[in-house]
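This report concerns only the one structure given below.
There are 2 protein chains.
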Amino acid sequence: MKLKIVNDSRRAAYARERMAEFAVRCRAAGLPVTPQRMAIIEALLGATDHPRAEKICAEVRRRHPHVSLATVHRTLETLCRIGEARKVTALHDSARYDGNLEPHHHVVCVRCRRIRDVEIAGLDATLGGAIRAPGFKPLGWSLEIQAICDDCANSGERAGRSSETGGVGKTPRN
Amino acid sequence: MKLKIVNDSRRAAYARERMAEFAVRCRAAGLPVTPQRMAIIEALLGATDHPRAEKICAEVRRRHPHVSLATVHRTLETLCRIGEARKVTALHDSARYDGNLEPHHHVVCVRCRRIRDVEIAGLDATLGGAIRAPGFKPLGWSLEIQAICDDCANSGERAGRSSETGGVGKTPRN
DNA sequence: TGTCAGATGATAATTATTATCATCTGACAA
DNA sequence: TTGTCAGATGATAATAATTATCATCTGACA
Ligand SMILES: [Mn+2]
Ligand SMILES: [Mn+2]
Ligand SMILES: [Zn+2]
Ligand SMILES: [Zn+2]
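Respectively, the protein sequence lines represent chains L and R. The first sequence begins at 1 in our numbering and counts up one residue at a time. The second sequence begins at 1001 in our numbering and counts up one residue at a time.
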């Protein structure tokens, strides 16, 4: 198993490609194509640093000084919902603590944020030797498995609606 | 590679074991042993659901109705710092968005929250077949590698002070 | 063009977390 | 035991991130 930092140079072409399809994809998802949306996806695709809403907003405002931060939040959420963006983690909304110090990983329900421990036999042994990220001194790692829990799958609203994979919808509370 | 939900029944013994050592470990870390700390670690070890500070606080207040939520926040942070607890993700403090939809993983500097893409050849192929978490319908997964970036390692304060692995200190801003 | 569902901007509200500061208390020595 | 005091705590204010509201605007389609 081999690890490498992704080459930024490939990103330019990738971004151009995605931009070209974007308007079409919006309409396919039933969403109007607005200049704000164009500017926001463009800023996101132009970044390699996994920016926060605030950062995107600042970037967008260089050309469209009028856009509202609320719109940026809303739009990023929308992009996640239609699969044009993702969040780095589904668990950003509040700190979740773990008393289990044994090496293990987590399944997370992206709807209700339920978290369960999972052990993946062999994974840590396999990764142990491989993790060497240039520019970083690794301290540890953990796998986050995004999922829908059975409770959420059954109960409530129709199938997978709002923001499943990256969008991460707001509903209950653990 | 085989995945399984961790057996809760083993946790009771584990928790008892950890509680037995806890006071000693506090003193070893130069920390006074206070009833609040005992109650908070006990609540954390008694939980399998990766609770938030609020939840721990509610649990603790059943016996010590006076404890402050601020103390719970502070104490959980302290526990992470001395390695008696961990956070499920280092990236909980604000949503970070990603325009890169190609399958990939992330290195995160636990001090400045810098995030870089990494590709781990073979990992996804290996996991692809193995991810079957009972009670959950898996949608995807991603590996978070906790690390210290070179900038943080060099610049600033002495070696690893505040909260490295799980604690996650506040400093710059991406 | 005219219509209108949905998008936006301005702003208030909420939520999680951290900072302040006066007071208290474990740990240790006398 | 008692005295000392660094560090812990509780009450509360302050920040920071995100979401809700609502009046107004505008892409998409007829
Ligand atoms: Mn866990
Ligand atoms: Mn990424
Ligand atoms: Zn769920
Ligand atoms: Zn850093």
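From the three backbone atoms N, C-alpha and C, an ideal C-beta is built for every residue, glycine too.
Simplified DSSP state of D93/L, which is helix, strand or coil
The residue you call residue 93/L lines up with position 93 of the first sequence. Looking at D93/L - three-state DSSP - the assignment turns out to be coil, as it is neither helix nor strand.
Counted within 10 angstroms of its Cβ, other Cβ atoms place H1064/R as buried (16 or more) or exposed:
By 1-based counting over the second sequence, the position of residue 1064/R is 64. With fewer than 16 Cβ atoms within 10 Å of its Cβ, H1064/R is classed as exposed.
Just checking: is the beta-carbon of Q36/L within a distance shorter than 7 Å of some beta-carbon in chain R?
As a working mapping, residue 36/L is identified with position 36 in the first sequence. Cβ-Cβ to chain R under 7 Å: no for Q36/L.
Ligand 4 and R958/R: does the residue's C-beta get closer than 6 Å to at least one heavy atom of that ligand?
Nothing can be reported for residue 958/R: it is not among the residues displayed for chain R, which extend from 1001 to 1174.
Which residues of chain R have a Cβ atom closer than 8 Å to the Cβ of C109/L, listed in chain order?
As a first step, residue 109/L is located in the first sequence; it is residue number 109 there, counting from the start. Correct list: F1136.
For C26/L and R62/L, what's the separation of their Cα atoms in angstroms?
Your numbering for residue 26/L matches position 26 in the first sequence. Your numbering for residue 62/L matches position 62 in the first sequence. Rounded to whole angstroms, C26/L to R62/L spans 24 Å at the Cα level.
Please classify N100/L as buried or exposed, where buried requires at least 16 neighbouring CB atoms within 10 angstroms.
On the first sequence, position 100 is the one that residue 100/L refers to. Under this definition N100/L is a buried residue.
Unbroken stretches of the alpha helix (DSSP H), 4 residues or longer, contained in the segment 1113-1137 of chain R
1123-1130
Between I1082/R and the rest of its own chain, which residues show a CB-CB distance below 6 Å, the 5 nearest in sequence each way excluded?
As a first step, residue 1082/R is located in the second sequence; it is residue number 82 there, counting from the start. Around I1082/R: A1029.
From the DSSP output, in three-state form, read off H106/L for me.
Taking the first residue of the first sequence as position 1, residue 106/L is located at position 106. Looking at H106/L - three-state DSSP - the assignment turns out to be strand.
What are the complete beta strand (DSSP E) segments, minimum 3 residues, inside the segment 32-84 of chain L?
none
Pick helix, strand or coil for A1020/R, following the three-state DSSP scheme.
Taking the second sequence and counting its residues from 1, the one referred to as residue 1020/R is at position 20. Here A1020/R sits in helix by DSSP.
Residues of the segment 76-87 of chain L whose Cβ lies closer than 7 Å to any Cβ of chain R, in chain order
L76, A85, R86, K87
Applying the criterion that 16 or more other CB atoms from any shown protein chain within 10 Å of the CB defines a buried residue, is A1147/R buried or exposed?
Against the second sequence, residue 1147/R aligns to sequence position 147. With 16 or more other Cβ atoms within 10 Å, it is buried.
Looking at ligand 2, does it come within less than 6 Å of L1100/R, judged from the CB to the closest heavy atom?
What you label residue 1100/R is simply residue 100 of the second sequence in a count that begins at 1. First, the residue type needs correcting, since residue 1100/R is Asn and not Leu in the sequence shown. N1100/R: yes, Cβ under 6 Å from ligand 2.
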